[in-house]
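In terms of full-length UniProt numbering, the sequence shown opens at residue 1 and continues consecutively.
Just so you know, even glycine gets a beta-carbon here, dropped at the ideal spot from N, CA and C.
Below: the structure, in structure tokens.
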Amino acid sequence: MSTTVPFIPESAPFTPEQRGWLNGFLAGLLSGAPAPVAASGITSLKVAVLYASQSGVAEGLARKVAKELKAKGHAPSLASLEAFEPAALAAEEHAVIVASTYGEGDPPDSAKSFYGRLCMDDAPRLEGLNYSVLALGDKHYEQFCKFGIDLDARLQSLGAKPIRERVDSDVDTDEPFAHWKSELLARLDALAGGVAAAPATPVASKTDAVPERAQVHTRETPYLAPLVEKYALNKGDSSKQTLHLAWSLAGSEVFYEAGDALGVVAQNDPCLVSDILDAMKLSGEEHVEIGATKTSHTGFMPLREALTHHLQISRLNRRMVELFANEGRIVRLLDLLKSERQTELDAYLWDRGPIDLLTEYPGVLHVAQELVAMLPRLTPRLYSISSSPAAHTAEVHATVAVVRYRSHNRDRGGVCSTMFADRTSAGDRLPVYIQPNKRFRLPRRQDAPVIMIGPGTGIAPFRGFLHERRAVGATGKNWLFFGDRSAATDFLYEDELTAMRKDGHLTRLDLAFSRDQERKIYVQDRMLEQAPMFWQWLEEGASIYVCGDASRMAKDVDATLHAILQQQGRLDAEGAREYVDAIKEQQRYHRDVY
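So this is what it looks like as structure tokens:
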């Protein structure tokens, strides 16, 4: 029978450091190891540090854990769940897993195969495994952290023992990650019997044969890059606003590969900041504490600065409403928070922000620190890079759809996209960094064919791919499916793409402009129209890349792919699933969807 390692609850009257030490002590007692003492020569623990990552965040946190384990004298091995088998997990004694949830509660693409095998009836028992899970998610999605939660439950059902209870983290990972890691490391030290000895060998990585070049500029230390180009991609009377943006990286230590993402540290709209201050009858000069920041080690700063640079003020989530409702004893909101009214709560949260609570229920919050306590941290925005380092020397480009809408008598917009559109000009310096996306890379073979499916701003990485393949002299065929509303107004990068089609670099260009005819046509419709050729390219070894909307487009494209396989490959539904699983295993089916 599985036994969960006991732990000191957060409500206990101890500091985090004391609680971490006590939790480690309890873990040591249960394992039969001596209590943690300062000792030398203790055998290091072998710890499998595993990650399930879609955009790279989970992988980055896993690398930090592995680095700290090594520094403490343990022997971590770093691996993606993509490269791991349940049988290999059964052979481990200690594992820590950082698991992202993707889309509507799904595992990341790279972890689907592993999790599927783990959930099979013949999956190995895991009684000998001590583990802990850090689950990453986004509270704006209904299935918050679902994959991490499901993975944790499955591991326990197979007999594995949690050495530190699972932590669920929103998009601002700093505090949850630090909280989870501190107690986890203390318990592992205790299981080792004290302070572990220095390992004789370096950290092993099951996935990286060659050491990676480390980024100097990260989310914590972004580079102030000057904007050198900004222009609109839509034409005429388009109902959309899409921008092409280019930053200079000249003289910097910033580097990237085609397929990576650009992180931008955004600022909130100063007009919205002023509206919030007015609603609370505050000046903005009140000093508040929000924890350590880049500008203040003490975390104290004027409220206006905190609202502009550090706090998320444009959207609501359940926790914010709950804190506000409890503070003001607001019956309507408390009733809305009941589990059976989740659908109504989601509708309430969808198009409101903190300003709506403050104006609908004035006087609930009285002091600046109460507001700060309710607001999550402002997180950077990620954009698929639309340039090639080989073709666009010392520059990085992004393709950004500007989000604007009106609700509840207020004009609203995307935090970063409206900053680009309304408050940024050429020459301005913005804090940026590179978020590597190793799961969205071009084939290593220069003669391999590629099929790219990217409607709207999903074109971004494929513009980079096309320029990259030309610059490096790749000979493989290129096929692009692109679509938007109207060819006259929304054909993004039209001149570049038509020129590439004319000179043969773009072997095929299939377009789907949904509003240009009575029946709406989308990229998946064009895929079906070209099903025989699509199948031929697949059989020739083509890699498929999909970029864009996760909720509808990516699902429709995936369903269409299965339909083509059944139709052209004469496969049944199970055979089509196996074919798709096979091309994923061969790293020939890649998705960068959001």
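Minimum Cα-Cα distance from Arg444 among the listed residues Asn317, Gly473, Arg406 corresponds to Gly473. Of the other Cβ atoms in all chains shown, fewer than 16 fall within 10 Å of the Cβ of Phe300; this residue is therefore exposed. For the alpha helix (DSSP H) assignment, the uninterrupted runs of no fewer than 4 residues enclosed by the UniProt domain "Flavodoxin-like" (47 to 185) are, from N- to C-terminal side, 57 to 71, 86 to 90, 112 to 118, 146 to 157. Beta-bridge partners of Trp247 (DSSP): Leu227, Val396.
For Val288, the enclosing beta strand (DSSP E) covers residues 287 to 289. Per DSSP, the beta bridge partners of Ile451 are Trp479, Ile544. For Met500, same chain residues with a beta-carbon under 7 Å away, outside a window of 5 residues either side, are Leu466, Leu506 in chain order. Counting only residues of its own chain and dropping the five nearest sequence neighbours on each side, Val432 has a CB closer than 7 Å to the CB of Pro222, Tyr223, Ala225, Trp247, Leu262, Gly263, Val264. Counting every other CB atom within 10 Å of its CB across the protein chains shown gives Pro532 a total below 16, marking it as exposed. In the DSSP assignment, no residue is bridged to Gly464. According to the DSSP assignment, Pro270 belongs to the alpha helix (DSSP H) that extends over 270 to 280. When DSSP reads this structure, Val432 sits in a beta bridge with Tyr223, Val264. One alpha carbon belongs to His74, the other to Val133, and they sit about 19 Å apart. Annotation: the continuous beta strand (DSSP E) that includes Asp411 extends over 410 to 413. Apart from the 5 residues on each side of it in sequence, His562 sits with its Cβ closer than 6 Å to the Cβ of Ala576 in its chain, given in chain order.
When the alpha-carbon of Pro108 is set against those of Ser514, Ala258, Gly137, the nearest one is in Gly137. Ranked by how close their Cα comes to the Cα of Leu371, the residues Trp537, Arg304, Ser339 have Arg304 in first place. The Cβ-Cβ distance between Ile276 and Ile313 falls below 8 Å. If you look at Phe513, you'll find it in the beta strand (DSSP E) that goes 508 to 513.
The continuous alpha helix (DSSP H) containing Asp335 extends over residues 331 to 336.
Between the alpha carbons of Leu358 and Tyr522 lies a gap of roughly 42 Å. Rounded to whole angstroms, Val216 and Tyr256 show a C-alpha spacing of 12 Å. Take Leu158, set aside five residues on each side of it, and the residues of its chain with a beta-carbon closer than 6 Å to its own are Arg125, Leu126, in chain order. Only residues of its own chain outside the window of five on either side were considered, and among them Tyr433 have a CB closer than 6 Å to the CB of Thr218, listed in chain order. The beta carbons of Leu272 and Val400 sit no closer together than 8 Å.
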